[in-house]
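Trainee:
There are 2 protein chains.
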Amino acid sequence: MFATRCAVRRLPQRAARRWAHTPATLKFNSVTEQDIAHFQKILPAASIISTLSPVSSPASELSIFNDDWMNKYHGKSTTVLRPKSTKEVSEIVKYCNERGIAIVPQGGNTGLVGGSVPLKDELILSLGNMTKIRSFDPVSGIIVADAGCILEAMSEYLAPHDYIMPLDLGAKGSCQIGGNVSTNAGGLRLLRYGNLHGSVLGLEVVLPDGTVLDQLSTLRKDNTGYDLKQLFIGAEGTLGIVTGVSILAAPAPQASSNVMLALPKYDNVLPLFREVKRQLSEILSAFEFIDRKSYELAVKHGQGRALNDEDVEGAECFVLVETSGGKREHDEEKLNGLLESLLEADEPLINTGVLSQSPAQFSQLWAIREGITEAVSKEGKAYKYDISIPVASFKEVVDKTRDHLKSKGLLHDDAVKHVVGYGHVGDGNLHLNVVAAAYTPEIEAALEPFVYELVASYKGSISAEHGIGAMKTHALQYSKSTTSIDLMKKIKALFDPKGIMNPGKVLE
Amino acid sequence: MFATRCAVRRLPQRAARRWAHTPATLKFNSVTEQDIAHFQKILPAASIISTLSPVSSPASELSIFNDDWMNKYHGKSTTVLRPKSTKEVSEIVKYCNERGIAIVPQGGNTGLVGGSVPLKDELILSLGNMTKIRSFDPVSGIIVADAGCILEAMSEYLAPHDYIMPLDLGAKGSCQIGGNVSTNAGGLRLLRYGNLHGSVLGLEVVLPDGTVLDQLSTLRKDNTGYDLKQLFIGAEGTLGIVTGVSILAAPAPQASSNVMLALPKYDNVLPLFREVKRQLSEILSAFEFIDRKSYELAVKHGQGRALNDEDVEGAECFVLVETSGGKREHDEEKLNGLLESLLEADEPLINTGVLSQSPAQFSQLWAIREGITEAVSKEGKAYKYDISIPVASFKEVVDKTRDHLKSKGLLHDDAVKHVVGYGHVGDGNLHLNVVAAAYTPEIEAALEPFVYELVASYKGSISAEHGIGAMKTHALQYSKSTTSIDLMKKIKALFDPKGIMNPGKVLE
Ligand SMILES: Cc1cc2nc3c(=O)[nH]c(=O)nc-3n(C[C@H](O)[C@H](O)[C@H](O)COP(=O)(O)OP(=O)(O)OC[C@H]3O[C@@H](n4cnc5c(N)ncnc54)[C@H](O)[C@@H]3O)c2cc1C
Ligand SMILES: Cc1cc2nc3c(=O)[nH]c(=O)nc-3n(C[C@H](O)[C@H](O)[C@H](O)COP(=O)(O)OP(=O)(O)OC[C@H]3O[C@@H](n4cnc5c(N)ncnc54)[C@H](O)[C@@H]3O)c2cc1C
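Structure below.
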């Protein structure tokens, strides 16, 4: 989760902690002036940015493509191509495949695992010029768009039709639907609208040999053979380039409300989640968990103006509940009913609850939850783990990590200051943040592989939503068996025998 | 859609209209007495049914496994194995792979496309003895079960926990969760809870060489590499044997209502669908379309007791709307509000609406919709097409098919009596039924490939939910490009190089 829902901001620059591995066995050709000459035949001049002659763009023009969003990973590509059509993408890819030039597909470049920038000097193929909405059917809600469409632009396109995109995330002003599909992005609406494997109905993909795979179906149901498009959802650009996406939009809710609940103890989170699900049922759209320390950091760094001291007193943790439904009165009645029954229970699960009464208060409550990331980064250097574990184990994982650091003598003000947990309880997605005074090899050694092993011991995922990219290829085995990884490698070899598509990402 | 929600019934027996193709190139070994001797080493006696010595079961014991639900496809297998554990499945498959014995995985044997029975004398591996619920987490709603669990048994297991399965279908008393996953079954809840690609969270699969692929995750979010399990969803047993399934159950709705709407004209269906979606939003759980002739057939054959003559007068078609929500009063208020606004509109989209007032009336309204299949089969011989097309084209496809038959001189009482359409508007899934006096080669020739070509011209699917099985392998190209089919074949070869897994199904 990130500090803001509506704008992409750069985090303070920090030194790279680990450099990604490049597969030693693969050799690719660098882009040459001859290649540029060829690209000039298939693309208009405006679609080619290159430091190579005769284009000779200044290096600075390349940097927004070479550097990732966190400014942590830095590619050395000489050339960015910005095709406008699937046909152009296909011609570029076909040529690169023949020439043995490696390609990094790039969307909005907001990925957080170093997948969207080159490891070396791979060609960058940016989808940023492919921004057409191809079709929208207001009856079924199915929208078909070029892969380069910005998520927010699609939301804006849908709004007057009373539809919303089935996903939403902090990066929406920059990330592209093709990038979202390629990372299988989760985000803020997953609890309600499910994941992209369910809502993406079709894809158009340029395969690594340049062939166009047209599975751009606008059907909700199609059981004719293997569902190949699923493989590209979350493949992080290693199996081909997504050029078109067909996706099911959701009817826009007519009303949204939220409430911040203060819990006397951590153990109440799960029974509370059950009760909230039962009572709010289909209108529940978020159930976000915030531990006490996360809350305090948010307050300390200016995010927590919505609660009074008495609301907070004695609370071990907080839960933010959001509803979205078809009728405001009904939703409010349900929320009020929930609050009453919670407060009147014999052994109440909550101490208190603050219900937003206006759009401004609604945003203030969200600001606490969404401000944690920023607050954490103001407090110190954060080791961030975006993990999926069974909901029942959230507390255990935070506690075990803290205990482990303590046993290593690292839990004090000059080393690790806080171990905090927050995240999407509804999705089993915990953001485990270890806030340190500084990044040190000692802390890193204490944390890894400890955290990955801990996650593995719960059959958890070391990457709930951000993907593997270049950052976690070496850790894949903590979440996937050798059998799985071997099969992935075979699939990769089948689609991309020369390995030109985003080399060194996902698989080592 | 089928005549009943709660029981599996055999349709009247009818002659097979087309026999499936067996791939000429593949040669397999028949099961021998030596093989039986080997199976006896790895399985208890009760798990082996075989006409071969020394087991020597009577042939009649094999027939429920060899004959499909429609009694249209008939295998000639000598041997059915009913393992109780994944380990046993793995040992059987490993052995068969080495020996070149082909295997048909079989669940509840309720499939409608001949996929679940052998084409020749393949070994049948029935999952019917693997019926354990492995775990259930009442907080997240994630249930993990053996593949052989009957869908209805899983629903019953969940009921006391206030959860429901995210899918429901007429065959629920017999079909198994492994079979549902393998056919990517749609059914009655898809509009509300989405498809299995979204709700299946993990699978355990025995691969064609006997290796166990454990991707039995209980996580809602996991972005660690390619999502391999997706390939098995809808693979109809051709890539491996599903032995375990992890799936997200949905909180049980507290209340359900329905209403039958009579429309003056077909053209109103789509605007009505939009309006209903807008007003009912998250509580809409079904939007089923019934054309006038389908309705009349239902009445004629005893299904239509719920509407009066004046409700029906002047109606060109009907729509059944169902709501399921968390609070009865709210849902009824929304439904009443919808009906009022529909009736008071300047140009009303509906003539009238009948709202169920009791559980009995609720069932009576559903009985009309669900009784069509039975009514159609009483009226004559039905050519049934289970197609997906853009919702906007439903009427056109029915009309074009009727016109085409007319132009061939086949639209009269001795040939084609009716061309009717009904189905899940919400899912874009039309059941196009051509009701004839008898099955004749002339009618079949007029219908095929005409209907498949028509479907293809809308970029539709020739199989919305039933799959390809043995029945439609030759027609796959109407819904999938050569590029897609070639890739599917490569995937098949990658997983199953010897082709032992359900040969002749899905791919020719
Ligand atoms: C402020 C902020 C908030 C975020 N919030 C969330 C969140 O809530 N949930 C979440 O899941 N993620 C979140 N993310 C990370 C998320 O993965 C990305 O924001 C987004 O999905 C990536 O889209 P993009 O267009 O920027 O892709 P990029 O960053 O450009 O690329 C990401 C990966 O996909 C590949 N790729 C991109 N486009 C294509 C294509 N057309 N074809 C093939 N491969 C392609 C790239 O090669 C790369 O491997 C957040 C990031 C930021 C900066
Ligand atoms: C009355 C009735 C109503 C129906 N309603 C619907 C409906 O509304 N929607 C819909 O989509 N379908 C419907 N169907 C068809 C539907 O496909 C099946 O009912 C069901 O999904 C198949 O489950 P099964 O266990 O019976 O599988 P089977 O019929 O035994 O097998 C179906 C296919 O899956 C394979 N298979 C089965 N189990 C496994 C396994 N464990 N591992 C690998 N492969 C396996 C088989 O080899 C075969 O190819 C209906 C059928 C009937 C008879």
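Listed in order, the protein sequences are those of chains A and B.
Sequence positions in the first sequence follow the UniProt record's numbering and run 1 to 508.
Sequence positions in the second sequence follow the UniProt record's numbering and run 1 to 508.
Even for Gly, the Cβ is constructed at its ideal location relative to N, Cα and C.
#1: How would you label A:Arg305, buried or exposed, when you count the other beta carbons within 10 angstroms and need 16 or more for buried?
#2: Give me the Cβ distance between B:Glu114 and B:Lys72, rounded to the nearest whole Å; I'm assuming they're in contact under 8 Å.
#3: To the nearest angstrom, report how far apart B:Ala7 and A:Leu270 are at their CA atoms.
#4: Measuring CB to CB, does B:Glu508 end up less than 7 Å from B:Gly186?
#5: Using CA coordinates, which residue listed in B:Lys76, B:Trp69, B:Asp67, B:Glu91 is at the minimum distance from B:His38?
#6: Keeping to the same chain, check which residues put their C-beta closer than 7 Å to that of A:Lys94; ignore five residues upstream and five downstream.
#7: Should B:His21 go down as buried or exposed, given a rule of 16 or more other Cβ atoms within 10 Å for buried?
#8: Taking 7 Å as the CB-CB limit, is B:Asp427 close to chain A?
#9: Can you tell me whether A:Ala262 is buried or exposed? The criterion is at least 16 other CB atoms within 10 Å of its CB, across all chains shown.
#10: Answer with yes or no whether the minimum CB distance from B:Tyr266 to chain A is below 7 Å.
#11: For B:Tyr193, name the three-state secondary structure that DSSP assigns.
#12: Our contact map puts B:His424 next to B:Leu191 with C-beta atoms below 8 Å; I'd like the distance itself, whole angstroms only.
#13: Please report how far the alpha carbon of B:Gly302 lies from the alpha carbon of B:Val312, in whole angstroms.
#14: For A:Tyr226 versus B:Ala235, is the C-beta distance shorter than 7 Å?
#15: For A:Leu123 and A:Leu62, which I take to be in contact (beta-carbon distance under 8 Å), what is that distance rounded to the nearest angstrom?
#16: Heavy atom of ligand 2 less than 6 Å from the Cβ of B:Ile500, yes or no?
#17: Just the C-alpha distance for B:Tyr478 and B:Tyr422, rounded to the nearest angstrom, thanks.
#18: Does DSSP classify A:Cys317 as helix, strand or coil?
#19: Tell me whether A:Leu112 sits in a helix, a strand or coil according to DSSP, three-state version.
#20: Would you say B:Ile491 reaches chain A, if we count a Cβ-Cβ gap shorter than 7 Å as a contact?
#21: Interface residues of chain D around A:Ala392 at Cβ under 9 Å?
#22: Hey, quick one: how far does the alpha helix (DSSP H) through B:Met154 stretch, first residue to last?
#23: For B:Ile42, I'd like the list of residues in its chain whose CB is within less than 8 Å of its CB, leaving aside the five on either flank, ordered along the chain.
#24: Who are the near neighbours of A:Ala475 in its chain, counting only those whose CB is closer than 6 Å to its CB and skipping five residues on each side?
#25: Could you tell me if residue 544 of chain B is buried or exposed, where buried requires 16 or more neighbouring beta carbons within 10 angstroms of its beta carbon?
#26: So is B:Pro166 in contact with chain A if we call contact Cβ pairs under 7 Å?
#27: Using a 10 Å radius around the Cβ and a threshold of 16 neighbouring Cβ atoms, would you call B:Gly353 buried or exposed?
#28: Taking the alpha-carbon of A:Thr483 as reference, which of B:Ala375, B:Phe495, B:Gly467, B:Leu167 has the nearest alpha-carbon?
#29: Of all the options B:Glu333, B:Ser324, B:Asn109, which has the alpha carbon lying nearest to the alpha carbon of B:Met70?
#30: Cβ of A:Pro251 less than 7 Å from any chain B Cβ?
#31: Which word fits B:Ala24, buried or exposed, when buried means at least 16 other C-beta atoms lie within 10 angstroms of its C-beta?
#32: For A:Asn195, which residues in chain B fall below 8 Å Cβ to Cβ?
#33: Just how far apart, CA to CA, sit A:Ala286 and A:Leu188?
#34: Please return the same chain residues whose Cβ sits closer than 8 Å to the Cβ of A:Ala446, not counting the five positions on each side in sequence.
#35: What do you reckon, is the C-beta of A:Asn180 under 6 Å from a heavy atom of ligand 1?
#36: Please classify A:His412: is it buried, with 16 or more other beta-carbons within 10 angstroms of its beta-carbon, or exposed?
Mentor: Considering the structure as presented:
#1: Reading the first sequence from its first residue, position 305 is the one you call residue 305 of chain A. Exposed: under 16 other Cβ atoms inside 10 Å.
#2: Locating residue 114 of chain B in the second sequence gives position 114, counting from the first residue. Locating residue 72 of chain B in the second sequence gives position 72, counting from the first residue. The sequence as given places Gly at residue 114 of chain B; Glu does not occur at that position. With a Cβ gap of about 7 Å, B:Gly114 and B:Lys72 count as contacting.
#3: Residue mapping note: residue 7 of chain B aligns to position 7 of the second sequence, counting from 1. Residue mapping note: residue 270 of chain A aligns to position 270 of the first sequence, counting from 1. For B:Ala7, the predicted model reports a pLDDT of 30, less than 50, meaning its position is unreliable and no value from the coordinates is stated.
#4: Counting from one through the second sequence, the residue named residue 508 of chain B turns up at place 508. Counting from one through the second sequence, the residue named residue 186 of chain B turns up at place 186. Cβ atoms of B:Glu508 and B:Gly186: not closer than 7 Å.
#5: Against the second sequence, residue 38 of chain B aligns to sequence position 38. Nearest option by C-alpha distance: B:Glu91.
#6: The residue labelled residue 94 of chain A in the question sits at position 94 within the first sequence. Only Asp209, Gly210 meet the Cβ criterion.
#7: Numbered from its first residue, the second sequence carries residue 21 of chain B at position 21. Low per-residue confidence applies at B:His21: pLDDT is 39, beneath 50, and the placement is therefore not dependable, though the value from the model is reported in the following sentence. By the 10 Å Cβ count, B:His21 comes out exposed.
#8: For the purposes of this step, residue 427 of chain B is taken as the residue at position 427 of the second sequence. For B:Asp427, the answer is yes, since a Cβ of chain A falls inside 7 Å of its Cβ.
#9: Counting from one through the first sequence, the residue named residue 262 of chain A turns up at place 262. Per the 10 Å Cβ criterion, buried.
#10: Numbered from its first residue, the second sequence carries residue 266 of chain B at position 266. By this cut-off, B:Tyr266 is not an interface position.
#11: For the purposes of this step, residue 193 of chain B is taken as residue 193 along the second sequence, with counting starting at 1. Note: B:Tyr193 maps to helix in three-state DSSP.
#12: In the second sequence, residue 424 of chain B corresponds to position 424, counting from 1. In the second sequence, residue 191 of chain B corresponds to position 191, counting from 1. Sure, about 7 Å apart at Cβ, within 8 Å.
#13: Along the second sequence, one-based indexing puts residue 302 of chain B at 302. Along the second sequence, one-based indexing puts residue 312 of chain B at 312. For B:Gly302 and B:Val312, the distance between alpha carbons rounds to 16 Å.
#14: On the first sequence, residue 226 of chain A is found 226 positions in, with the first residue counted as 1. On the second sequence, residue 235 of chain B is found 235 positions in, with the first residue counted as 1. For A:Tyr226 and B:Ala235, yes; Cβs fall inside 7 Å.
#15: In the first sequence, counting from the first residue as 1, residue 123 of chain A sits at position 123. In the first sequence, counting from the first residue as 1, residue 62 of chain A sits at position 62. That belief does not hold up - the Cβ atoms of A:Leu123 and A:Leu62 are roughly 12 Å apart, past 8 Å.
#16: Sequence index remark: in the second sequence, residue 500 of chain B carries index 500 (1-based). Checking the Cβ of B:Ile500 against ligand 2 gives no.
#17: Here the question's residue 478 of chain B lines up with position 478 in the second sequence. Here the question's residue 422 of chain B lines up with position 422 in the second sequence. Looking at the two C-alpha atoms, the distance is approximately 22 Å.
#18: For this step, residue 317 of chain A is matched to residue 317 along the first sequence. It is a strand residue.
#19: For this step, residue 112 of chain A is matched to residue 112 along the first sequence. In this structure, A:Leu112 counts as coil in the three-state DSSP scheme.
#20: Here residue 491 of chain B refers to the residue found at position 491 when the second sequence is read from its first residue. Interface residue, yes.
#21: Although the question refers to chain D, the structure presented lacks it and instead comprises the protein chains A and B.
#22: Counted from its first residue, the second sequence places residue 154 of chain B at position 154. First-last of the alpha helix (DSSP H) with B:Met154: 151 to 158.
#23: The residue you call residue 42 of chain B lines up with position 42 of the second sequence. So the qualifying residues of the chain are Glu88, Glu91, Ile92, Tyr95.
#24: By one-based count along the first sequence, residue 475 of chain A stands at place 475. Taken in chain order, the residues that qualify are Tyr452, Ile462.
#25: What is shown of chain B runs 1 to 508, which leaves residue 544 of chain B out entirely.
#26: Within the second sequence, numbered from 1, the residue matching residue 166 of chain B stands at position 166. Chain A, which has no Cβ nearer than 7 Å to the Cβ of B:Pro166, makes this no.
#27: Counting from one through the second sequence, the residue named residue 353 of chain B turns up at place 353. Classification of B:Gly353: buried, given that the 10 Å Cβ count is 16 or more.
#28: Residue numbering aside, residue 483 of chain A sits at position 483 when the first sequence is read from its first letter. Answer by Cα proximity: B:Phe495.
#29: As a working mapping, residue 70 of chain B is identified with position 70 in the second sequence. Minimum Cα distance to B:Met70 is reached at B:Asn109.
#30: Working through the first sequence from its first residue, we reach residue 251 of chain A at position 251. Cβ-Cβ to chain B under 7 Å: yes for A:Pro251.
#31: Against the second sequence, residue 24 of chain B aligns to sequence position 24. Note that B:Ala24 scores a pLDDT of 47, beneath 50, so its modelled location is shaky; the value from the coordinates is reported in the next line. Exposed, since its Cβ has fewer than 16 Cβ neighbours within 10 Å.
#32: Locating residue 195 of chain A in the first sequence gives position 195, counting from the first residue. Ordered by position in chain B, the residues that pass the 8 Å Cβ test against A:Asn195 are Gly198, Arg220, Lys221.
#33: As a first step, residue 286 of chain A must be located in the first sequence, where it is residue number 286. As a first step, residue 188 of chain A must be located in the first sequence, where it is residue number 188. Rounded to whole angstroms, A:Ala286 to A:Leu188 spans 7 Å at the Cα level.
#34: If you number the first sequence from 1, residue 446 of chain A lands on position 446. So the qualifying residues of the chain are His404, Leu405, Lys408, Leu410.
#35: If you number the first sequence from 1, residue 180 of chain A lands on position 180. It does: the Cβ of A:Asn180 is within 6 Å (strictly closer) of some heavy atom of ligand 1.
#36: Your numbering for residue 412 of chain A matches position 412 in the first sequence. The residue in question, A:His412, is exposed, as its Cβ has fewer than 16 Cβ neighbours within 10 Å.
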